[in-house]
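What follows is a set of notes on a single structure, which appears directly below.
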Amino acid sequence: MSLIREFQYSKILTSNAQEKTVTFLGKIKGEDAILKLEKTPFATETSEIDAFFAKNTISDIKELASNDVYHWGVSLLEQTLQNPTCKYSLVYPATETHIAKFETAAYHMISETPEHYQNVVKPYISTMQGDRLKWVRNILFEGAEAERVVYRNDDREKGFVLVPDMKWDGTTLDTLYICAIVLREDIASIRDLKREHVNWLNGMQDEIKAGVAKYYGNKIKGDELRIFVHYQPSYYHFHIHIVNISHPGLASTMSVGRAVLLQDVIDQLEYLEDGIASRTLTYALAENHKLWDLGLKYATRG
Ligand code: M7G
Numbered sequence: 071m072s073l074i075r076e077f078q079y080s081k082i083l084t085s086n087a088q089e090k091t092v093t094f095l096g097k098i099k100g101e102d103a104i105l106k107l108e109k110t111p112f113a114t115e116t117s118e119i120d121a122f123f124a125k126n127t128i129s130d131i132k133e134l135a136s137n138d139v140y141h142w143g144v145s146l147l148e149q150t151l152q153n154p155t156c157k158y159s160l161v162y163p164a165t166e167t168h169i170a171k172f173e174t175a176a177y178h179m180i181s182e183t184p185e186h187y188q189n190v191v192k193p194y195i196s197t198m199q200g201d202r203l204k205w206v207r208n209i210l211f212e213g214a215e216a217e218r219v220v221y222r223n224d225d226r227e228k229g230f231v232l233v234p235d236m237k238w239d240g241t242t243l244d245t246l247y248i249c250a251i252v253l254r255e256d257i258a259s260i261r262d263l264k265r266e267h268v269n270w271l272n273g274m275q276d277e278i279k280a281g282v283a284k285y286y287g288n289k290i291k292g293d294e295l296r297i298f299v300h301y302q303p304s305y306y307h308f309h310i311h312i313v314n315i316s317h318p319g320l321a322s323t324m325s326v327g328r329a330v331l332l333q334d335v336i337d338q339l340e341y342l343e344d345g346i347a348s349r350t351l352t353y354a355l356a357e358n359h360k361l362w363d364l365g366l367k368y369a370t371r372g
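Last residue of the sequence shown: 372 in this note's numbering, with the numbers rising by one and none dropped.
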């Protein structure tokens, strides 16, 4: 039986009307689980639109009002798994860190100095690199999600894997979201990047653009991709986010104070002798993030 059918709801962790998502906390077999549902976007390929009207997909209609040439109401759509109503993601068993990530929390802008990084953040990162990165190692070395991989370069030093992100349905190009995960395991976050990495990062960015464009038959081009990294990321193994530039959603993942363009990181490295670890980084941190209590609550400015 699908795990979802065993999900016993206990409360809403968060909902977002703009993203059309809702995230529930519940239990499966007595252990914590998180279920996130997201309404899917409409398909825009000509063949799919033809099918939409040919099959009378709008199955039930209730007009709410009309005025002059304006008419509006609500309707039901007949949907199938080829044209689904929603996408789900399930985390089970879920840890405290997973739950905190989805819980609605108050945010604060903080400025993390090089000293904060050395004294507070770096020790924290070392506690977050065990089992929590299992999914990453599964993709890199164990063949997980292999049938979905878009591109891989298996060079031990320079290599990386491009895989459709868990946040994406893998087909709607309008909402394309791909994750590039590097093979090397010595870079936890942008804080570990130094000038010596510039050539590697530039080359990887070019390879990402070419790899994505080729895989999707040039329906999306290299300069139509928003390529960025997170600070703080949720997972401390260096990876890069690649999103269709015309995708306006996912504000939480692309907002200023969380996302940094990879190109900006690369260009900065040219000026920072000792790398990103030597500058102050300003970003939004949630009160329920462990780093807040570990000391970053003292890193706010005013
Ligand atoms: P992040 O910046 O560490 O954190 O990015 P975020 O989740 O707060 O954005 C990690 C990225 O990896 C996110 O975009 C996740 O959606 C994605 N991701 C996480 N997991 C556990 C998986 C997975 O198992 N498979 C794939 N394909 N993507 C994942």
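Quick reminder that beta carbons are idealized off the backbone N, C-alpha and C, glycines included. A quick note: this is a predicted structure, and the numbers were derived from the prediction, not measured.
Distance, Cα to Cα, residue 252 vs residue 142?
49 Å
Close Cβ partners of residue 358 (< 8 Å) along its chain, the five nearest in sequence each way excluded
170, 173, 175
DSSP three-state call for residue 182: helix, strand or coil?
strand
Do you know offhand how far residue 376's Cα is from residue 96's?
Residue 376 lies beyond the range of the chain shown here (71 to 372); nothing can be said about it.
Below 8 Å on the Cβ atoms is my contact criterion, and I expect residue 342 with residue 265 to pass it. Report the Cβ-Cβ distance as a whole number of Å.
7 Å
Simplified DSSP state of residue 96, which is helix, strand or coil
Residue 96: strand per DSSP, three-state reduction.
Excluding five sequence neighbours on each side, which residues of the same chain lie with their C-beta closer than 8 Å to the C-beta of residue 125?
148
Specify, as a first and last residue, the run of the beta strand (DSSP E) that residue 101 falls within.
That run of the beta strand (DSSP E) goes 101-109.
Taking only three categories from DSSP, how would you classify residue 237?
Shown here, residue 237 sits in coil according to DSSP, grouped into three states, outside any helix or strand.
Rounded separation between residue 121 and residue 311 - CA only
Taking the straight line from one Cα to the other gives about 33 Å.
Local conformation of residue 361 per DSSP, three classes:
helix
Pair within 8 Å by beta-carbon distance, residue 279 and residue 263
no
According to DSSP, residues forming a beta bridge with residue 279:
Its beta-bridge partners do not exist; DSSP assigns none.
Quick check: is any heavy atom of the ligand M7G less than 7 Å from the C-beta of residue 163?
no
At the level of alpha carbons, what is the spacing between residue 144 and residue 112?
16 Å
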